[in-house]
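Here's the structure we're looking at; comments come further down.
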Amino acid sequence: MTKYHYFLISLFTLAWIISAINPVTPENWLQENIVVFLWVPATILLGRYIVKLSNISYTIIAIFLMLHLLGAHYNYGGVPFGEILGEWIGSGRNQFDRLMHLLFGLIMIYPFREMFLRITNVKRFWGYFFPINIILSFSAMYEIYEWVSVSYLPSEISYLFVGGNDPWDAVKDMSLAAVGAVITTVILAVKNRQVNKSM
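With our numbering, you'll find the sequence shown wraps up at 214, consecutive numbering, no jumps.
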């Protein structure tokens, strides 16, 4: 690992410690951190033994996970910016969780696509199509994880964890991830085409 990797790990560790100090709902904080406990070691092990990603990808992953820690600390439905965002779009609902699902597709498509291309060496259409499907797969797995979790969590915690009682919550979350992934993929495709034309 490089010095920059250690910097990202240190920065993330600091953010995690801050997030762990007096979270609004400790039980929900712990539940949200299961993702962190799985994702961080998996990213480090993949980078060490299977495929190394660019600094841009590792930075994106760190930023996304630190934003997730913010949601874990306040509860996703209690993040102050989510209330402001809800007011901006004329909704009475805290929109931080919706923003995070959009960002998952919008920014995480980059490291997922990079990893996919380095492992498979697939190019052209499939190099754009399959990473979108990976985003959708992870988004669906997370929604299934939420669904399974509410079966054993106390009702007051499960309510916080799944973001309320909207029956279309999972559909909206996955749709936003898909929209974000498609937007970034189109931008990457256009940029790559311009670069190839100029060469």
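Heads up, the beta-carbon is just placed ideally off N, CA and C, and yes, glycines get one too. If you're wondering where the values come from, they're calculated on a predicted model, not measured in any experiment.
Close Cβ partners of residue i (< 7 Å) along its chain, the five nearest in sequence each way excluded
i: Ile149; result: Phe127 and Phe131
i: Ile76; result: Thr58 and Pro126
i: Ala30; result: Met81 and Leu84
Burial state of residue i (16 or more Cβ within 10 Å)
i: Gln209; result: exposed
i: Leu53; result: exposed
i: Tyr160; result: exposed
i: Ser72; result: buried
i: Ser25; result: exposed
i: Ser166; result: exposed
i: Ser106; result: exposed
i: Ser152; result: exposed
i: Ile122; result: buried
Cβ pair residue i, residue j closer than 7 Å
i: Val39; j: Gly86; result: no
i: Thr199; j: Ile124; result: yes
i: Asn43; j: Asn90; result: yes
i: Val66; j: Arg133; result: yes
i: Gly120; j: Ala192; result: yes
Contact belief for residue i with residue j at Cβ below 8 Å, rounded distance in angstroms
i: Val197; j: Ile147; result: 6 Å
i: Met115; j: Leu61; result: About 22 Å; that fails the 8 Å criterion.
i: Leu84; j: Glu129; result: About 23 Å; that fails the 8 Å criterion.
i: Leu117; j: Val186; result: Between Val186 and Leu117 the Cβ distance is about 14 Å, and since that is not below 8 Å, they are no contact.
i: Phe27; j: Leu80; result: 6 Å
Which of helix, strand or coil DSSP assigns to residue i
i: Pro95; result: helix
i: Ser154; result: helix
i: Lys206; result: helix
i: Thr28; result: helix
i: Ile71; result: helix
i: Thr17; result: coil
i: Val50; result: helix
i: Thr40; result: coil
i: Val194; result: helix
i: Arg133; result: helix
i: Val163; result: helix
i: Lys187; result: helix
i: Asn90; result: coil
i: Val201; result: helix
Residues near residue i in its chain [Cβ-Cβ closer than 6 Å; skip 5 each side]
i: Glu47; result: Ala87
i: Tyr19; result: Asn70
i: Glu158; result: Ala185
i: Gly142; result: Leu132
i: Ile36; result: none
Residues of its chain near residue i, where Cβ-Cβ distance is below 8 Å and the 5 sequence neighbours each way are ignored
i: Ser112; result: Note that residue 112 is Asp in the sequence shown here, rather than Ser. These residues qualify, in order along the chain: Gly86, Tyr91, Gly92, Gly97, Gly178 and Asp188.
i: Pro95; result: Tyr89
i: Leu23; result: Tyr73, Thr74 and Ala77
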